[in-house]
Each structure stands twice: as C-alpha cells, then as structure tokens.
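K.L.:
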Ligand code: SF4
Ligand code: SF4
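Take a look at the structure:
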C-alpha cells in the first residue's frame, strides 16, 4: 500500500487560498472518488474555540470552496460542521468570531452545529478501548469528508493534526465521557486511534488539507501556545501519512506520539515513510526551511512513559493548575470535568481534587479565560 502527499510552499502562491487549491490539485489524481457524484460534502475544520490561532484559518475554507467551485460543484451540496471543545460554544459561534461564517454565507454553505442533532451510536470493530461511541449525525450522513486540521501541540495527545481532528466528530460534552477511557497517554492514544479506525472504515471518501502555514507549539497548546510560521500546506487522502510527514518536517519522531504510534501498529494507513510519494516541494526542502516543532514537556512525558511504563507516567503526568488572576469564577471547568474532580461554589474559585483528577486536561482546553495551566504531578503522582 502506498499513498501520495503534496507539500506546497505558501510563498510560491499569491495567497493562502490559492496555495490550498494548488496542494489539492497535486493529489487529485489519487482520489478514489468524484466530487460531482456527491450531494453531501462535509468540511470538518478544527474549531476548538472562538480564537483564530486555535482554529482552521478562514483562508483554508475559502481555498477548498474555490477548488470545489472550479470543479463545478453546487454549493447546495456542501456544508461545514464541527463540535468545538469549549462548552457552551458551537461551530456557528466560532465561525462567526474567526471570520468563517461570512465566507460560508457568501457561498450559501450551511454551517452545522454537531451538538444540535441527536448523535448516532456506533460500534467500533477491533476497538482497543472505545467499543461504542456517539457520532455526529452530519458525519454519519455525509458522502465525502474534507478534513481541515491545523498542526498544534497538545497537552494530552502531544500533537493535534490530521488524525486527532476527527475527535470532533463526537458531539459536545460526550467527548469528555470518552476521554475517561484514556487514563494514560498510551490509552488515550488508543482511544484516538479507535475513533480514527471508525472514520477509516465508514467514511472511505476523504480528503485532508493540512494547515502547516502557521503552527502552534509549546505547553499551552492546543488553545494558547506560541504561533510559528512554517509556510507549508499538505494535502492527501491518508491521514496517518500526512501526520508522519508533518512530524518529519518538524523533526519529531512519529512513534513518540501515542495515537500515531498506535495507528502505525494497527495499520490504520500508510505508516512507512518510504511508501509515501511526495509531490510538489521535496521533503528535504520542507525540512530545511522549517524549525524544530517544539512540543516541550509532553514530548518527554510520553517518551518516558513508553520506556518505564506506568510509574514514570504517574510521576510525569500533568495536572491542572489554576491561575487565579485570570479566573472569572464561571464554573465551566467543574461542569465539564468527566471525573468530578472540580468542586465549584458560586462566587469562589474552583477547587481541584488531585486524587480524583485523571489528568485529561479537558478543563484547561475548555476554560474560556485560559486560567488553567498544566503542571507536572511530580513524585506525589505515585501516591495519588
Ligand atoms: S478556571 Fe476557567 S473555567 Fe474554571 S471557573 Fe475559572 S475561568 Fe471558569
Ligand atoms: S480536573 Fe481537569 S484534568 Fe483533572 S479530570 Fe477534571 S477536567 Fe480532567
């Protein structure tokens, strides 16, 4: 099995949206489907929260729309949908805040909030952790899925990219429920790979356009990390191959990222660099113009957990740490915590139970004020 991935340099084009079209055209011969035979094409961006840096860029959405229009696709057949990680927010709110809604309105594209429809319960064959789960109805019903991830560091999964972006097919707070199945970095990696294996089996017509134009790095990712320009866009149909290429460009070992390691072991795509045909810019050129992808502590956390197992994991695992000056005492973190580890009383700061906390860091990801940071459990983690 082999696959094709395109790498384009945004600086070779007049605009990001033109570079998106260029990246897709380089892989279109590799598509196993015809856009014109579909009446339900769904764009799945990364809409973590109403913050531009944390989301798929509007230019990306515009580029994909331009490509589909060039192909003569009616916009009546196209919609865009997601379920943001932040509680109380929906895809329409995020799209409005970051400028995607205007683009959708201009092109008569419907925006779907995954939480508004009753989800579908699905079985995942060959799952390791997540045997059944809830999938957004729009995902279940679409014919063609266009995945629009952005490369970011991620406190729990180490990175979010092509495979991790599908975590958003689980609507709303249900994500937190399934997050509970992944109590360690390795187990969460298995859960993410389970989720991806459902997509592979049930959504064979897929295209991914991967935003490496400006990536997010550092320990505050995926919501508030440091933005670094890479000026690259990738496109292809194999998410595992795309993540491997993205990490190769960033000089990060793919096998150190739990969900990618698991996807390679389970053959969930092309996991061998030698079997990936690269078109456009060469991999060496892309690597030479790109700085190392800095994912800080999570890198070491996961790396050590592979070698020494659960003990090292318990010491190095991160827990939430409240930044009181930023906290608006809204209580959202307590509502979302799947382990009921946060106690909240009106007019007070939330209280975190170290003992109950499963280190999912959903609270950090979802806090609207960025008032939670991750800190290492340290040696006390062994006794918790
Ligand atoms: S930590 Fe964040 S989510 Fe929790 S109460 Fe404070 S502002 Fe709200
Ligand atoms: S306190 Fe935060 S990190 Fe701990 S279990 Fe709850 S949501 Fe997850």
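In my numbering, the protein residues as written are 1 to 384.
In this text, a Cβ means the ideal position worked out from N, Cα and C, and glycines have one as well.
1) How big is the Cα-Cα spacing for residue 268 and residue 186?
2) Kindly indicate which three-state DSSP category residue 235 falls into: helix, strand or coil?
3) When DSSP labels each residue in this structure, what does residue 293 get in the three-state scheme?
4) Among the residues of its own chain, which have a CB less than 7 Å from the CB of residue 191, if the five just before and after it don't count?
5) Would you say residue 341 touches ligand 2, meaning its beta carbon is less than 7 Å from a heavy atom?
6) What are the boundary residues of the alpha helix (DSSP H) that residue 92 is part of?
7) When burial is assigned at 16 or more other CB atoms within 10 Å of the CB, is residue 236 buried or exposed?
8) What is the chain-ordered set of residues for which the beta carbon lies under 6 Å from any non-hydrogen atom of ligand 1?
9) Find the nearest neighbour of residue 7 within the set 328, 357, 329 and 282, judged by alpha-carbon distance.
10) In three-state terms, what does DSSP make of residue 308?
11) Compare the beta carbon distance of residue 385 and residue 83 with 8 Å and say whether it is the shorter of the two.
12) Using 8 Å for Cβ pairs, my map puts residue 137 next to residue 118. What's the rounded Cβ distance?
13) Tell me the DSSP bridge mates of residue 325?
14) So does residue 359 have its beta carbon nearer than 7 Å to some heavy atom of ligand 2?
15) Using only the alpha-carbon positions, how far apart do residue 349 and residue 365 sit?
16) Count the other CB atoms, across all protein chains shown, that sit within 10 Å of the CB of residue 16; report buried if there are 16 or more and exposed otherwise.
17) Which runs of the alpha helix (DSSP H) fall wholly inside the region 61–143 and span at least 4 residues, in chain order?
18) Please classify residue 216: is it buried, with 16 or more other beta-carbons within 10 angstroms of its beta-carbon, or exposed?
19) In the DSSP output, which residue or residues are listed as bridge partners for residue 30?
20) Please name the residue in 144, 47 and 89 whose C-alpha comes closest to that of residue 33.
21) Would the C-beta of residue 336 count as close to ligand 2, meaning under 7 Å from any of its heavy atoms?
P.N.:
A quick look at the data gives this:
1) Counted from its first residue, the chain shown places residue 268 at position 268. Counted from its first residue, the chain shown places residue 186 at position 186. The straight-line gap from Cα to Cα measures roughly 16 Å.
2) Your numbering for residue 235 matches position 235 in the chain shown. In this structure, residue 235 counts as strand in the three-state DSSP scheme.
3) Indexing the chain shown from 1 puts residue 293 at position 293. Coil, per DSSP.
4) Position 191 of the chain shown, counted from the first residue, corresponds to residue 191. Answer for residue 191: 129, 130, 178, 181 and 182, listed in chain order.
5) Numbered from 1 along the chain shown, position 341 holds the residue referred to as residue 341. For ligand 2, at least one heavy atom lies less than 7 Å from the Cβ of residue 341.
6) Sequence index remark: in the chain shown, residue 92 carries index 92 (1-based). Residues 91–98.
7) The residue labelled residue 236 in the question sits at position 236 within the chain shown. In summary, residue 236 is buried, with 16 or more beta-carbon neighbours lying within 10 Å of its beta-carbon over all protein chains present.
8) 322, 327, 328, 329, 330, 331, 332, 333, 350, 367, 369, 371 and 372
9) On the chain shown, residue 7 is found 7 positions in, with the first residue counted as 1. Of 328, 357, 329 and 282, the residue nearest in Cα terms is 282.
10) Within the chain shown, the letter at position 308 stands for residue 308. Any reading at residue 308 is ruled out, since the residue's pLDDT is 39, under 50, leaving its predicted position unreliable.
11) Given that the chain is displayed from residue 1 to residue 384, the structure contains no residue 385 and the question cannot be resolved.
12) Stepping through the chain shown from its first residue, residue 137 is reached at position 137. Stepping through the chain shown from its first residue, residue 118 is reached at position 118. Their Cβ separation, rounded to whole angstroms, is 7 Å, which keeps residue 137 and residue 118 in contact under 8 Å.
13) Within the chain shown, the letter at position 325 stands for residue 325. Residue pairing by DSSP places residue 325 in no beta bridge whatsoever.
14) Taking the first residue of the chain shown as 1, we reach residue 359 at position 359. It does: the Cβ of residue 359 is within 7 Å (strictly closer) of some heavy atom of ligand 2.
15) Position 349 of the chain shown holds residue 349. Position 365 of the chain shown holds residue 365. Distance between the alpha carbons of residue 349 and residue 365 is about 18 Å.
16) For this step, residue 16 is matched to residue 16 along the chain shown. Note on residue 16: 16 or more other CB atoms within 10 angstroms of its CB, so buried under the neighbour-count rule.
17) 91–98, 100–106 and 137–141
18) For this step, residue 216 is matched to residue 216 along the chain shown. Within a 10 Å sphere around the beta-carbon of residue 216 sit 16 or more other beta-carbons, which makes this residue buried.
19) Position 30 of the chain shown, counting from 1, holds the residue named residue 30. None, per the DSSP bridge assignment.
20) Position 33 of the chain shown, counted from the start, is the residue given in the question as residue 33. Taking only the C-alpha atoms, the option nearest residue 33 is 144.
21) Within the chain shown, residue 336 is the residue found at index 336, counting from 1. Yes; taking the cut-off as 7 Å, the Cβ of residue 336 has a heavy atom of ligand 2 nearer than that.
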